[in-house]
Amino acid sequence: MSRLMIGPLSGEILGRPGLEAGERRAEAIQCILAGTTIAEVRTALGLDAADERAVADHVRKASPWMAVVTLDPGDPDDWGDCPGISPHPGPPLPGRTELFWCGEVPGLGRVVEHTCLCIMTEYELLSYGGTYRIRRTTIPRAGVPTVSFTGGWRRPEAYEWWFRLLTGQAR
1 MSRLMIGPLS GEILGRPGLE AGERRAEAIQ CILAGTTIAE VRTALGLDAA
51 DERAVADHVR KASPWMAVVT LDPGDPDDWG DCPGISPHPG PPLPGRTELF
101 WCGEVPGLGR VVEHTCLCIM TEYELLSYGG TYRIRRTTIP RAGVPTVSFT
151 GGWRRPEAYE WWFRLLTGQA R
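Numbering-wise, our numbering puts 86 at position 86 of the sequence shown, and it's gapless, one number per residue.
Here it is in structure tokens:
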């Protein structure tokens, strides 16, 4: 099986012609999950409409937040408008409280509230048997951990901080 690679300096996709449909789709999925846009992958691999639909469907299931970043906005295969299932955090307000985020995983918690997956940073309010934390998950970027946690509050205080985060009063 020939392997598709992303050039380290240019971000250019390097591949060999003659990949079979399954190989083309697998390579396209790998590249998209690594942050390459569908337009770059489409050109480099010569994806047809069926390949694009299969790749887009897989990426949406595997990593919805990566799909928002890498799939073409307005593309008929893209989600388009947000489904509106969960709230979106408001824009950060001037004078907001900066929360302390750490990458240390406190264990398994139960998700009790969450924000929508259609944006690049998702927040979840987690319960750990009476103690609550907020988990932040974001796309990989320099200087920001992909998953980080804040908190350690009792329930009333946790919901107060959750409200502040949703209204832009805290980040």
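For each residue, glycine too, the CB sits at the ideal point set by N, CA and C. Computed from a prediction, not measured in an experiment: that's the story for all the values here.
Within 8 Å, strictly: CB atoms of residue i and residue j
{"i": "residue 141", "j": "residue 124", "result": "no"}
{"i": "residue 24", "j": "residue 45", "result": "yes"}
{"i": "residue 172", "j": "residue 150", "result": "Residue 172 lies beyond the range of the chain shown here (1 to 171); nothing can be said about it."}
{"i": "residue 47", "j": "residue 28", "result": "yes"}
{"i": "residue 109", "j": "residue 128", "result": "yes"}
{"i": "residue 103", "j": "residue 145", "result": "yes"}
{"i": "residue 113", "j": "residue 162", "result": "yes"}
CA-to-CA distance, residue j to residue i, given in whole angstroms
{"i": "residue 131", "j": "residue 96", "result": "24 Å"}
{"i": "residue 152", "j": "residue 54", "result": "41 Å"}
{"i": "residue 169", "j": "residue 20", "result": "51 Å"}
{"i": "residue 137", "j": "residue 32", "result": "18 Å"}
{"i": "residue 35", "j": "residue 164", "result": "31 Å"}
{"i": "residue 77", "j": "residue 147", "result": "Note that residue 77 has pLDDT 38, beneath the 50 cutoff, so the model's placement of it is unreliable and no number is given."}
{"i": "residue 172", "j": "residue 105", "result": "Any question about residue 172 goes unanswered here, given that the chain covers just 1 to 171."}
{"i": "residue 58", "j": "residue 126", "result": "27 Å"}
{"i": "residue 26", "j": "residue 43", "result": "15 Å"}
{"i": "residue 101", "j": "residue 158", "result": "15 Å"}
{"i": "residue 156", "j": "residue 111", "result": "16 Å"}
{"i": "residue 94", "j": "residue 22", "result": "50 Å"}
Contacting residues, own chain, Cβ-Cβ under 6 Å from residue i (five flanking each side not counted)
{"i": "residue 171", "result": "92, 96"}
Contacts around residue i, its chain only, beta-carbon distance under 7 Å, and the 5 residues preceding and following it disregarded
{"i": "residue 99", "result": "150, 170, 171"}
{"i": "residue 115", "result": "86, 87, 88, 89, 122, 123"}
{"i": "residue 41", "result": "13, 28, 31, 32, 47"}
Beta-carbon proximity list for residue i, same chain, < 8 Å, skipping 5 on both sides
{"i": "residue 185", "result": "Given that the chain is displayed from residue 1 to residue 171, the structure contains no residue 185 and the question cannot be resolved."}
| task | Could you name each continuous alpha helix (DSSP H) segment of 4 residues or more that falls completely within the stretch 86-169, going from the start of the chain to the end? | result | 155-167
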